[in-house]
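Student:
Chains as they are written, first to last, in the working numbering: chain A, 322 to 487; chain B, 113 to 307.
Here is the structure:
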């Protein structure tokens, strides 16, 4: 039986809070209320998975954390996605800073929403500036495949953008 | 817009997250309902218990009657198939419960597991549509005859109405399910090729 130290876990969560929040925001399409719910679910699953992580000293912490967080985000049933887009739009109007950028981000979210789960996760990791090796570890695919898939997704996003503009 | 530019805008948009005051509510760890956490395992166990009860009922019915009538035979076949279906569903639900909890598996593996699960649901619906539903429609009048006195002509009206409704449903849903099945299988194959 592995002893779980609450303190260690809390420190680990505090250190990686921003990473988890970024995932929550991305998968909640900017709706901070939904992001908060997802944050609670992710930390709960991290807590449940923590004893298995402690047992495996070779496992990289960031890989484990990303896997649990992304799997939780993918598993959660996204309700009222349209409403979330509205929330994001509202947020854009309210914030005076980065107004044009926010519009681009909103557009980006709308396009990404049309991708399948795997591509969505891959593009998230790419936007989050993860290395190809890290993406391969988190996704469970080969490094060469990461590059190919990113190129394919970029092309798909371009086509979707053109389609929606027409 | 270039991808690198998009990346930097995305990174900039995340800066405001530093100010968001979201904290983990540690009470959730203890308060999350046990039943909710093990919902799939409970559902699976209930399915297995139900299938055993149905089988006991079916075998009891066969043992009680010396001569097996057409009524008993149809009820027993329908009961047997429903029991088999419920048992399989129970086993799969319990297996899914254990796989679902492995959050630290790679994302691709989890997506693969989810797709297999979705495929299983498609096959389950097909089984309902092609086998269970017609069985229920056939067995229903034979069961009802034991309890209700049927006026003349009811059988023909029932057969015609049930037949038309079933055939329409069969055509519409079969096409949709087949398309869905094909889409899921192609995605599963894509994931398997990526490994």
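Positions of the beta carbon are idealized from the N, C-alpha and C atoms, including for glycine.
#1: Taking the Cβ atom as the reference point for each residue, do residue 306 (chain B) and residue 466 (chain A) lie within a distance shorter than 8 Å?
#2: So which of B:211, B:266 and B:198 has the shortest CA-CA distance to residue 237 (chain B)?
#3: In or out: residue 335 (chain A) buried (at least 16 other Cβ within 10 Å) or exposed?
#4: Under a three-way DSSP split, which group does residue 242 (chain B) fall into?
#5: Do the segment 376–386 of chain A and the segment 447–462 of chain A make contact, defined as three or more Cβ pairs closer than 8 Å?
#6: Looking at chain B, which residues of the segment 452–478 of chain A have a Cβ within less than 7 Å of any of its Cβ atoms?
#7: Distance cutoff 8 Å, beta carbons only. Does residue 232 (chain B) sit that close to anything in chain A?
#8: Ordered along the chain, which non-local residues of its own chain (more than five positions away) have a Cβ less than 6 Å from that of residue 167 (chain B)?
#9: With DSSP run on the structure shown, which of helix, strand or coil describes residue 163 (chain B)?
#10: Output needed for residue 211 (chain B): all residues of its chain with C-beta closer than 6 Å, excluding positions within five of it in sequence on either side, in chain order.
#11: For a quick check, are the C-beta atoms of residue 241 (chain B) and residue 185 (chain B) less than 8 Å apart?
#12: Assign residue 227 (chain B) to buried or exposed, taking buried as 16 or more other Cβ atoms, counted over all protein chains shown, within 10 Å of its Cβ.
#13: Decide yes or no for the touch test of the segment 200–209 of chain B against the segment 243–258 of chain B: beta carbon pairs closer than 8 Å, at least 3 of them.
#14: When you compare only the Cα positions, how much space is there between residue 444 (chain A) and residue 346 (chain A)?
#15: Whole angstroms are fine: how far does the CA of residue 188 (chain B) sit from the CA of residue 174 (chain B)?
#16: Determine the direct distance from the alpha carbon of residue 279 (chain B) to that of residue 270 (chain B), and round the result to whole angstroms.
#17: Can you find the residues in the same chain that come closer than 7 Å, C-beta to C-beta, to residue 457 (chain A), ignoring five residues on each side of it along the sequence?
#18: Taking the C-alpha atoms as reference points, what is the distance between residue 355 (chain A) and residue 379 (chain A)?
#19: Which residue marks the beginning of the alpha helix (DSSP H) containing residue 183 (chain B), and which one marks its end?
#20: Roughly how many angstroms lie between the CA atoms of residue 390 (chain A) and residue 190 (chain B), to the nearest whole one?
#21: I want to verify the contact list: residues of chain A whose CB lies under 7 Å from the CB of residue 298 (chain B), in sequence order.
#22: Assuming residue 344 (chain A) is part of the alpha helix (DSSP H), what are its boundary residues?
#23: Mind checking if residue 215 (chain B) is an interface residue toward chain A, Cβ cutoff 8 Å exclusive?
#24: Comparing the C-beta of residue 450 (chain A) with each C-beta of chain B, is any distance below 8 Å?
#25: What is the DSSP secondary structure of residue 429 (chain A), reduced to helix, strand or coil?
#26: DSSP three-state label for residue 399 (chain A), please.
#27: Ordered along the chain, which non-local residues of its own chain (more than five positions away) have a Cβ less than 6 Å from that of residue 170 (chain B)?
Tutor: The relevant details are as follows:
#1: yes
#2: Across the set B:211, B:266 and B:198, the C-alpha of B:198 shows the shortest separation from the C-alpha of residue 237 (chain B).
#3: exposed
#4: helix
#5: In short, these stretches touch, since the Cβ pair count reaches three.
#6: Hits within the stretch, in order: 459, 460, 461, 462, 466 and 475.
#7: no
#8: 195
#9: Helix, per DSSP.
#10: 225
#11: no
#12: It counts as buried.
#13: Too few Cβ pairs lie closer than 8 Å, so no.
#14: 14 Å
#15: 8 Å
#16: Rounded to whole angstroms, residue 270 (chain B) to residue 279 (chain B) spans 14 Å at the Cα level.
#17: Apart from the 5 residues on each side of it in sequence, residue 457 (chain A) sits with its Cβ closer than 7 Å to the Cβ of 463, 464 and 467 in its chain, given in chain order.
#18: 34 Å
#19: In the DSSP assignment, residue 183 (chain B) falls within the alpha helix (DSSP H) that extends over 182–212.
#20: 45 Å
#21: In chain order: nothing, as chain A lies at least about 11 Å away.
#22: 338–348
#23: Chain A, which has a Cβ nearer than 8 Å to the Cβ of residue 215 (chain B), makes this yes.
#24: yes
#25: DSSP, reduced to helix, strand and coil, places residue 429 (chain A) within a helical segment of the structure shown.
#26: With a pLDDT of 48 at residue 399 (chain A), under the threshold of 50, the predicted position of this residue should be treated as unreliable, and no value is reported.
#27: 188, 191 and 192
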